[in-house]
Amino acid sequence: MHRSSLNLDPLAQQGVSNPSILQQAVDYQGDFLDLLRANNVRFSALHNQKSSVETLGHLHSEELIEGTTVIAIRYEDGVMVAGDRRATAGNVVMYDRADKVLEIDEHSVMAIAGSPAIAYEMARTLEHSFQYFRRTQLQELSVEGKIRMLARLIRDNTAMALQGIGGVVPIFALYDSNNKTENLVSPSGRIFFYDVLGAQFETVDFATSGSGSVWIRGVLHYLDRWSETRLSQMDINQATSTILRLLDTAAEFDTATSGTNMKSQIYPIIKTVTQDGVQELSLDLIQQVYETVVQV
2 MHRSSLNLDP LAQQGVSNPS ILQQAVDYQG DFLDLLRANN VRFSALHNQK SSVETLGHLH
62 SEELIEGTTV IAIRYEDGVM VAGDRRATAG NVVMYDRADK VLEIDEHSVM AIAGSPAIAY
122 EMARTLEHSF QYFRRTQLQE LSVEGKIRML ARLIRDNTAM ALQGIGGVVP IFALYDSNNK
182 TENLVSPSGR IFFYDVLGAQ FETVDFATSG SGSVWIRGVL HYLDRWSETR LSQMDINQAT
242 STILRLLDTA AEFDTATSGT NMKSQIYPII KTVTQDGVQE LSLDLIQQVY ETVVQV
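With the numbering used here, the residue at position 124 of the sequence shown is 125, and numbering never jumps.
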């Protein structure tokens, strides 16, 4: 990597306050994670994997808050990503307004299923990693670099995942303006999913993760294969109604997935990733689609 001569003071404003990091960042050769490790700074859950295995082995997974169902589908303008709002600890509902679709940069989002505590730290570290590369190399990190950076973070969490606590199985969606198909540049949304050990897979038109995903994966395949309008050909209203129906279906069979609560104004979080960037659908639009199409 090229040696940087940039002023990285904004890094401090983003939450990195260790002076030694800011002093070394300008001349450091390596990525953001290497820079953190060189200064013995790691996000808290992964600070010492050996001690994590030794000290957390007695904990029960019921004591940890977990996320549930997230979905990503390709539609005509890019990718639509959504998640229910419930966070559970065993059979206890801890929170019903969790945001499981996290914006990482202008054209990418991460949808989380698993432990929000670990996933939120992964998302923050990933965001800073992309910013660090952009500021030091004066260019965007490639798509391959982005998906492998997340895979690296998930692999670093292996000890926690193997304990049955702190596992994260995310979906990573982005808009790739330089996507090449048969040597032709064809801008499009792309969807990647991971296993708990960090293996990455690219899916063509949809992905789902979390405890409720088993109830809707087959429905997604059916819709994409035999419905009158394939997922990738849907407009924003069709994609929104499809996702709302799927999350309601998951909530019907999975107690850890929340449905829509109109009385409390709790609706799924839905974001789109298109050529124009990441946008969150307004509550008014989601409510209108739900009342018109889903609530029958």
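No residue lacks a Cβ here, since even glycine has one placed at the ideal position from N, Cα and C.
What residues in its chain sit with their C-beta under 7 Å from that of residue i, if we drop five residues either side in the sequence?
i      : result
Ala240 : Ile74, Tyr76, Met81
Val295 : Ser242, Leu245, Arg246, Asp249
Ile105 : Met111, Ala124, Leu127, Glu128, Phe131
Leu232 : Ile74, Arg75, Tyr76, Asp206, Phe207, Leu224, Asp225
Gly278 : Glu107, His108
Val220 : Leu247, Thr250
Glu141 : Arg135
Can you tell which of the options has its C-alpha closest to the C-alpha of residue i?
i      : options                        : result
Gly91  : Thr137, Leu103, Gly115, Asn262 : Gly115
Thr70  : Ser189, Val197, Asp100, Gly79  : Asp100
Ala200 : Ile119, Leu154, Met123, Asn238 : Leu154
Leu282 : Leu142, Gly260, Asn238, Thr256 : Asn238
Tyr268 : Glu292, Leu139, Asp35          : Glu292
Gly260 : Gln138, Arg135, Val94          : Val94
Asp35  : Asp157, Ala120, Glu141, Ala88  : Asp157
Arg136 : Asn40, Thr230, Phe33, Thr258   : Phe33
Val170 : Trp227, Gln138, Ile72, Thr230  : Ile72
Indicate whether residue i and residue j have their beta-carbon atoms separated by less than 8 Å.
i      : j      : result
Ala251 : Gly213 : yes
Ile172 : Ala83  : no
Ser189 : Asn179 : no
Gly168 : Val197 : yes
Ile217 : Val102 : no
Gly79  : Gln234 : no
Tyr195 : Ala152 : yes
In chain order, what residues of the same chain lie with their CB nearer than 6 Å to the CB of residue i, ignoring the 5 residues before and after it?
i      : result
Asp177 : Val144, Arg191
Gln266 : none
Ser109 : Leu175
Glu203 : Phe193
Tyr96  : Ala88
Asp285 : none
Ala257 : Thr69, Thr89, Ser212
Val297 : none
Val290 : Thr241, Ser242
Kindly list the residues whose CB is nearer than 8 Å to the CB of residue i, restricted to its own chain and excluding five residues on each side of it in sequence; keep chain order.
i      : result
Arg98  : Arg86, Ile267
Ile287 : Thr241, Leu245, Tyr268, Pro269, Ile271
Task: the stretch 118-137 / the stretch 146-155 touching (three or more Cβ pairs under 8 Å) - done: Three or more beta-carbon pairs separated by less than 8 Å link the stretch 118-137 to the stretch 146-155, which places the two stretches in contact.
Open item on the list: Just to confirm the assignment: which complete beta strand (DSSP E) runs, minimum length 3, are found wholly within the stretch 70-98?
Closed with: Taken in chain order, the complete beta strand (DSSP E) segments of 3 or more residues contained in the stretch 70-98 are 71-76, 79-84, 88-90, 93-96.
- [ ] May I ask you to verify whether the stretch 251-265 touches the stretch 209-224, counting CB pairs closer than 8 Å and requiring at least 3?
- [x] A contact exists between the stretch 251-265 and the stretch 209-224.
TODO: Please specify which runs of the alpha helix (DSSP H), each continuous and at least 4 residues long, are wholly inside the stretch 207-251, giving them in chain order.
DONE: Within the stretch 207-251, the complete alpha helix (DSSP H) segments at least 4 residues long are 218-227, listed from N- to C-terminus.
- [ ] With a floor of 4 residues, list each alpha helix (DSSP H) that falls wholly inside the stretch 149-205, ordered by position along the chain.
- [x] The qualifying runs are 159-163.
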